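For what it's worth, my numbering labels the leading residue of the sequence shown as -1, then goes sequentially.
Quick reminder that beta carbons are idealized off the backbone N, C-alpha and C, glycines included.
Predicted model, so just to flag it, every value in this text is computed and none were measured.
Step one of this worksheet: look at the structure below.
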Amino acid sequence: MVLFAEKLGCPLKFPSMPEKIHPHKNSKPVLASLNDFQSEISSFLKETMLKLAKAPKSLSMPFFQNLFELINFADQAFAKLTTKIEYPTSQWGGKATHEYLNHSITFLQMLNSISTLISHLSQARVTISRALSLIEKNSTNMAAKYLKISQGTKISNPSKCTFNVEGLSTGVEKKPGCEKKERVVLEALIVVKKIGFFALGLVMSRLCEDEKMYRGEVGVFSGDDPCKMVLDLGFRKEVVAVMDIRGPMEEVNRAVERLSNGKFECGAVKELKERLKVLDNCVEFVEKEVKGLFCEVLGVRSKLLDNIRIIGQDP
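Below, the structure written as structure tokens:
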């Protein structure tokens, strides 16, 4: 997700971007900045995918940290690009503004979906914590009533959307050279959009206890597949490895199952406490990151909408 401020090796090929942009006079610095952006994103994406693929089979907080770092890096790279080509939001054409606002709505919907998952997990945490407290008080019969395997939560699919670079600079005052810059911004937004959807999709898939969501049957990556870029860039093996990693709630459920037969062995109770602690850390971290992103996205949208009001144009 692009969260920029006004002060704003050999690159891999992004499938959604034109293979070649024919340079015009004075356009080479702009295109060079786009190539630098692509190269930076490609390198960091490769680094992130390798980290995720090497993660332990039992998921922990660093997994989520890597995904949010990917989103933040894409944001910073985009901010750097807009600064290098001297194209602040106040100069954006109507198409760039319109596409960004549409994209940010979808991104906010995904953040809301994650918040729903967090709420569900928080309720499960409270219930299981109550059971552990009763076990410590030797109220095992009462504790058994609270030891239930979480069934997961179904979420909607907000990310079926398209991204178009046609019809640039419509309905807004043009300045010399801005059309080339707007096209570069739109192409960069395509990449940032897919990076954001890919990262948030993985966060959701590991929290919701339902792999079908990610694999495309009911999930955020069905239809216009934002994950396609990552797969096409040669990371199919890494993506498959990531999907084999068990989510934190799945680990808690396994520990709960060990206790569901009514035999509250010390080893099983200890394991459940450890798994619940991992879940606590993951949920608290993701919740903090989601709240931060939500506030920042709303802030950027507000600035863009203010720009539209100033020039008297609707997106």
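Beta-carbon proximity of residue i to residue j, cut-off 9 Å
| i | j | result |
| --- | --- | --- |
| V276 | Q36 | no |
| T95 | N305 | yes |
| A197 | L302 | no |
| V250 | I112 | no |
| K49 | N70 | no |
| I83 | S31 | yes |
| Y98 | T125 | no |
| V254 | K146 | yes |
| L132 | K271 | no |
| G91 | E38 | no |
| F66 | V201 | yes |
| L57 | R252 | no |
| L29 | K93 | no |
From the options, residue whose alpha carbon lies closest to that of residue i
| i | options | result |
| --- | --- | --- |
| K78 | L303, G265, V182 | V182 |
| F195 | V28, E255, A72 | A72 |
| N279 | S131, I116, R307 | I116 |
| F337 | G290, S102, F283 | Residue 337 is absent from the structure shown; the chain starts at -1 and stops at 313. |
| A186 | E248, K93, K44, F76 | F76 |
| K191 | S102, E269, A53 | S102 |
| I308 | Q89, F42, Y85 | Q89 |
| L257 | S58, Y85, A142 | A142 |
| E269 | T114, P246, S203, V28 | P246 |
| Y85 | T138, P27, N139 | P27 |
| T138 | E285, S300, E263, L291 | E263 |
| E180 | T87, C206, D34 | T87 |
| T46 | I193, S300, L274 | I193 |
| L274 | P54, M59, L43, D34 | M59 |
| G290 | N110, A51, E134 | N110 |
Boundaries of the alpha helix (DSSP H) in which residue i is found, first to last residue
| i | result |
| --- | --- |
| Y98 | 92 to 134 |
| I74 | Inspection of the sequence shows that residue 74 is occupied by Gln rather than by Ile. Start and end: 59 to 82. |
| R320 | No answer is possible for residue 320: it lies beyond the span of the chain, which begins at -1 and ends at 313. |
| Q36 | 26 to 51 |
CB contact check: residue i to chain D, cutoff 9 Å
| i | result |
| --- | --- |
| F66 | Here chain D cannot be found, since the structure has a single protein chain. |
Secondary structure of residue i, DSSP reduced to three states
| i | result |
| --- | --- |
| L302 | helix |
| N162 | Model confidence at N162 stands at a pLDDT of 42, short of 50, so the residue's coordinates are unreliable; what they give is reported in the following sentence. In this structure, N162 counts as coil in the three-state DSSP scheme. |
| K146 | coil |
| S203 | helix |
| D222 | Interpretation of D222 is limited by its pLDDT of 39, a score under 50 that renders its predicted location unreliable; no figure is taken from the coordinates. |
| E263 | coil |
| M137 | As written in the sequence, residue 137 is Ser, which differs from the Met given in the question. Coil, per DSSP. |
| L296 | helix |
heavy atom of the ligand GDP below 8 Å from residue i C-beta
| i | result |
| --- | --- |
| V28 | In the structure shown, the ligand GDP is absent, as is every other ligand, since no ligand is present at all. |
Meets three-Cβ-pair contact criterion under 8 Å: the stretch 116 to 136 and the stretch 99 to 108 = Judged by Cβ distances under 8 Å, the stretch 116 to 136 makes no contact with the stretch 99 to 108, as fewer than three pairs qualify.
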